[in-house]
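Residue numbers (this note's numbering): 3 to 285.
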Ligand SMILES: C[S@@+](CC[C@H](N)C(=O)[O-])C[C@H]1O[C@@H](n2cnc3c(N)ncnc32)[C@H](O)[C@@H]1O
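The structure is reproduced here in structure tokens:
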């Protein structure tokens, strides 16, 4: 597909055709991202390098990257990172690829004050580390049931020089969490079992099952979090949960039933319900 000595522009055409044939949604954009990755340059520098002969190693890397993408592996896993809330986070097959819509939760969290924050199901650490980077005096704990995910989160903490303020621990939701926090955030697995087959191959076949679905109706994690959050928040503390677009009413009801005040559903940039926000009453 791409031969050593061939220039990048010549290599792009067949790569785009291969990705299109594999059903990739935006083959031109992805081929350019993979070519920039293979050349070791930022995507916005690609134009400057397109007409230069490709070194053999870059041609090989590009061929392997296009083959992986044709198998529908997400671009972020192939290039090993993804931008979230303005910073780059390492991404592997062990973590959910942080989504732009999750930035809705980060924006909502930053509307209030907090000295300490608990992130349940931290994955790559993208939510927790973004919050700590924005609040230089805050500290945080990120928990996850996946040890490999926690290794990625710890690496991301070091990448952003946040390791002195971010702690990570293996925990089944609250089981290993001690103390109380000003803020709890979570983007838990929420896809219903019946919806799994309809997901894009990029998600269904390449991201960790544990990150996607708790099985059943998709609400099991919210039930656990609603039951435990009151005991891990200070009076007046806030709870912010990412939700699937149809889950706003059910999750609000779970939180109201657990004693939280006035749950509200917040929308993402596309106008879709994305976060339920609630707070613990001041006794
Ligand atoms: C949807 S992913 C979110 C990852 C990351 N917070 C983000 O927003 O990109 C859900 C995370 O919850 C974790 N998880 C699933 N079940 C869990 C449990 N019982 N206790 C703690 N974490 C769990 C998964 O391993 C995964 O990292």
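No residue lacks a Cβ here, since even glycine has one placed at the ideal position from N, Cα and C.
- When DSSP states are grouped into helix, strand and coil, residue 166 belongs to the coil group.
- Taking non-hydrogen atoms of ligand 1 into account, the C-beta of residue 150 is found less than 7 Å away from none of them.
- Ranked by how close their Cα comes to the Cα of residue 192, the residues 247, 59, 147 have 247 in first place.
- When distances are taken from the beta-carbon of residue 205 to the heavy atoms of ligand 1, even the shortest one reaches 7 Å or more.
- Taking 8 Å as the cut-off, the beta carbon of residue 51 is found closer than this to the beta carbon of residue 10.
- Along the length of the region 126-207, whole alpha helix (DSSP H) runs at least 4 residues long occupy 128-136, 149-161, 203-206, reported in chain order.
- Here the alpha carbon of residue 60 sits roughly 5 Å from the alpha carbon of residue 41.
- Between the alpha carbons of residue 118 and residue 185 lies a gap of roughly 7 Å.
- Using a cutoff of 7 Å, the CB of residue 189 counts as near ligand 1, since one of the ligand's heavy atoms is closer than that.
- The C-beta separation of residue 206 from residue 256 comes to about 26 Å, leaving the pair out of contact by the 8 Å criterion.
- Within the model, the alpha-carbon separation for residue 43 versus residue 160 is close to 23 Å.
- Under the three-state reduction of DSSP output, residue 120 falls in the strand class.
- In this model, residue 214 and residue 98 are separated by some 8 Å (Cα to Cα).
- The three-state reading of DSSP puts residue 264 in strand, counting E and B together.
- The C-beta of residue 227 has 16 or more other C-beta atoms within 10 Å across all chains shown, which makes the residue buried.
- About 7 Å separates the beta carbon of residue 143 from that of residue 171, a gap short enough to meet the 8 Å contact definition.
- Here DSSP, grouped into helix, strand and coil, assigns residue 221 to coil.
- Distances from the CB of residue 145 to the heavy atoms of ligand 1 include at least one below 7 Å.
- Bounds of the beta strand (DSSP E) holding residue 235 are 235-244.
- In this structure, the alpha-carbon of residue 278 lies about 27 Å from that of residue 156.
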